Structure formats: C-alpha cells, structure tokens
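Engineer: Here it is, the structure, as structure tokens.
Chains as they are written, first to last, in the numbering used here: chain V, 119 to 229; chain C, 141 to 256.
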C-alpha cells in the first residue's frame, strides 16, 4: 500500500491565485482530514470527511473548500490564496477512532 | 482552542537519560494518541491508549493515562539522539449520532532534543 499520498510537495502562489492540493489514500479509510501546521501552533484541523459525499468544517475552514466524491480522494481547494495561508498542509486518513496515517505534507508559500 | 496541551514545550536531555512529556486535555475522550514528527517530515503514530486503560508499553515507550485528571504522560527510556523530534498528543472524542466529535484534536507539541 502507498498509504496517504499528497501532491505537490512544494508550491509557491501569488496572492489571489487558486489551486488544489491533492490527497489520496489506498487503505479504504472512511475518515480523511486536512490539517495545517504553523510554527508554535501545532496542527489545526481545516476540514474533514467521514465518508464519500460527507464533509464538515474543522477549526480553521475559512478560505478552503473540500469535496469527497470517492473514498480514496480528498482534495483541498484554495479559492483565492492569501499570505496568511502560507503553511505546511497535511492530509490524513484513519478508520474510525484508530491510528491516523499522515501524508508527507505540502509546503505552501503565498507571496 | 486546543484540546490537548503538551508540557514542557521544549526538553533537552543527554543520551541515555529518560524523557517525560505530559499532555492535558479538557473534555472526555475515547482514546489518546501520541505522535512523533521529525523535522520537515510528516507525523508518525507511536501509541494509542484507550480511556479504560491506565498504562501501555511499546518498546522504550511507556504511556500513562489518568482520566480523572484528564492527563497523559509519555516516557521514553534510555533516549537516543535519533529520538530528537517533536512529540504530539492527540485526543479522540466519542462517536455520537450527529457525526461530530469524531476527529482527532492535536496539541502544539513538545520539542525533544537528545544530546549525544
């Protein structure tokens, strides 16, 4: 199994640009989540999904959209990038309340 | 607000010593998990302890959970330079019919440095 994969690994955007961070898992996990990690802030939950077709907001959802059309994929969209969205983004998946598996992260810089 | 808060924020020890990190949380949990993150890398799951367990071991790791105090500790024995990393606790609430409280909530982490 590849586990949780994320693309791209690095991205630089200009303010106002849009982009999609891709996340896929091959473990047939119901739950998938997106986090952002900023220095000194730990991980903060952006959006999560408890199954295909079901998404919900986390702690810091503003400026981000998600969709879950399949069990495997959970893309995160930045509609109009802002410098405050400069961060490292992690996608994760898990089965119910068990071990969470993280992707390698996407380092995003917004100029 | 963060559910889990680690203490201390930073810890520096000599190789061979034991390292203890603490985590406090606010609401009832189903389980508590500890993760490690090496610099520039993703998080790696270390150990999960359920609310009805008091202590759990995995290799050089020992985790305790005190639900009455809403706290957990992670002990790394005989530390090595390779243990240098950030350590996070994460809490999982109970699954309820509305679908909420099923996600993990992470603390801000303890940065452990093991000096050779």
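By construction, the Cβ of each residue, glycine as well, lies at the ideal position given by its N, Cα and C atoms.
It should be emphasised that the depicted structure is a prediction, and the values quoted were computed from it without experimental measurement.
So, for residue 218 (chain V): in the same chain, excluding its five sequence neighbours on each side, which residues have a beta-carbon less than 6 Å away from its beta-carbon?
Structural biologist: Taking the first residue of the first chain as position 1, residue 218 (chain V) is located at position 100. Excluding sequence neighbours, residue 218 (chain V) sits near 210 and 212.
Engineer: Tell me which residues share the same chain as residue 190 (chain C) and place their Cβ nearer than 6 Å to its Cβ, disregarding the 5 neighbours each side in the sequence.
Structural biologist: Counting from one through the second chain, the residue named residue 190 (chain C) turns up at place 50. Answer for residue 190 (chain C): 171, listed in chain order.
Engineer: Determine, using beta carbons only, whether residue 174 (chain C) and residue 187 (chain C) come nearer to each other than 9 Å.
Structural biologist: The residue given as residue 174 (chain C) occupies position 34 in the second chain. The residue given as residue 187 (chain C) occupies position 47 in the second chain. Contact: yes.
Engineer: Strictly under 9 Å for the Cβ-Cβ distance: is residue 195 (chain V) near chain C by that measure?
Structural biologist: Numbered from 1 along the first chain, position 77 holds the residue referred to as residue 195 (chain V). Closer than 9 Å: no.
Engineer: Residues in the segment 180-206 of chain C with C-beta within 8 Å of chain V's C-beta atoms, listed in sequence order?
Structural biologist: Cβ contacts with chain V come from 181, 182, 183, 184, 185 and 188.
Engineer: Which residue or residues does DSSP assign as beta-bridge partners of residue 231 (chain C)?
Structural biologist: Counting from one through the second chain, the residue named residue 231 (chain C) turns up at place 91. In DSSP, residue 231 (chain C) forms a bridge with C:172 and C:245.
Engineer: So, with DSSP's three-state summary, where would you put residue 144 (chain V)?
Structural biologist: Locating residue 144 (chain V) in the first chain gives position 26, counting from the first residue. Coil, per DSSP.
Engineer: Give a yes or no on whether 9 Å exceeds the smallest Cβ distance from residue 210 (chain V) to chain C.
Structural biologist: As a working note, residue 210 (chain V) is residue 92 in the first chain. Chain C, which has a Cβ nearer than 9 Å to the Cβ of residue 210 (chain V), makes this yes.
Engineer: Are the beta-carbon atoms of residue 154 (chain V) and residue 203 (chain V) separated by less than 9 Å?
Structural biologist: Your numbering for residue 154 (chain V) matches position 36 in the first chain. Your numbering for residue 203 (chain V) matches position 85 in the first chain. It is a contact, given that the beta carbons lie within the stated cut-off.
Engineer: Considering only residues of the same chain and omitting the five flanking positions on each side of residue 184 (chain V), which have a CB-CB separation below 6 Å?
Structural biologist: Within the first chain, residue 184 (chain V) is the residue found at index 66, counting from 1. If we look at residue 184 (chain V) and ignore the five residues flanking it on each side, its Cβ neighbours are 165, 173 and 194.
Engineer: Across which residues does DSSP place residue 196 (chain C) in a beta bridge pair?
Structural biologist: The count along the second chain starts at 1 and reaches residue 196 (chain C) at position 56. Residue 196 (chain C) is bridged to C:203.
Engineer: Given a limit of 7 Å on CB to CB distance, which residues of the segment 159-170 of chain V reach chain C?
Structural biologist: The segment 159-170 of chain V vs chain C, Cβ under 7 Å: 159, 160, 161, 163, 166 and 168.
Engineer: Got a sec? Which residues, its chain only, sit under 6 Å from residue 223 (chain V) by beta carbon, not counting five neighbours each side?
Structural biologist: For the purposes of this step, residue 223 (chain V) is taken as residue 105 along the first chain, with counting starting at 1. Hits under 6 Å: 206 and 208.
Engineer: If you drop the 5 nearest sequence neighbours on each side, which residues of the same chain put their C-beta closer than 8 Å to that of residue 206 (chain C)?
Structural biologist: Start at 1 with the first residue of the second chain, and residue 206 (chain C) comes out as number 66. Within the same chain, residue 206 (chain C) has close Cβ partners 194 and 212.
Engineer: Tell me the DSSP bridge mates of residue 146 (chain C)?
Structural biologist: Taking the first residue of the second chain as position 1, residue 146 (chain C) is located at position 6. DSSP, once it has assigned bridges, lists C:163 as partnering residue 146 (chain C).
Engineer: For residue 223 (chain V), go through chain C and note every residue whose CB falls closer than 7 Å to its CB, in chain order.
Structural biologist: Within the first chain, numbered from 1, the residue matching residue 223 (chain V) stands at position 105. Result: 182.
Engineer: Whose Cβ in chain C lies nearer than 7 Å to the Cβ of residue 220 (chain V)?
Structural biologist: Numbered from its first residue, the first chain carries residue 220 (chain V) at position 102. Neighbours of residue 220 (chain V) on chain C, chain order: 182 and 183.
Engineer: Counting only runs of 3+ residues fully inside the segment 146-186 of chain V, write out the beta strand (DSSP E) ranges in chain order.
Structural biologist: DSSP runs (the beta strand (DSSP E)) wholly in the segment 146-186 of chain V: 149-156, 160-169, 172-175 and 182-184.
Engineer: In the DSSP assignment, the beta strand (DSSP E) including residue 124 (chain V) goes from what residue to what residue?
Structural biologist: Here residue 124 (chain V) refers to the residue found at position 6 of the first chain. Per DSSP, residue 124 (chain V) belongs to the beta strand (DSSP E) from 122-125.
Engineer: When the Cα atoms are used, what is the spatial distance from residue 219 (chain C) to residue 178 (chain C)?
Structural biologist: The residue given as residue 219 (chain C) occupies position 79 in the second chain. The residue given as residue 178 (chain C) occupies position 38 in the second chain. Each residue's alpha carbon lies about 15 Å from the other.
Engineer: Does DSSP put residue 137 (chain V) in a helix, a strand or coil?
Structural biologist: On the first chain, residue 137 (chain V) is found 19 positions in, with the first residue counted as 1. Strand.
Engineer: Take residue 147 (chain C) as the anchor and find which of C:163, C:202 and C:208 has the nearest alpha-carbon.
Structural biologist: Walking along the second chain from the start, residue 147 (chain C) turns up at place 7. Per the Cα distances, C:163.
Engineer: Using 9 Å as the threshold, is the C-beta distance between residue 226 (chain C) and residue 176 (chain C) below it?
Structural biologist: Position 86 of the second chain, counted from the first residue, corresponds to residue 226 (chain C). Position 36 of the second chain, counted from the first residue, corresponds to residue 176 (chain C). A contact, by the Cβ cut-off of 9 Å.
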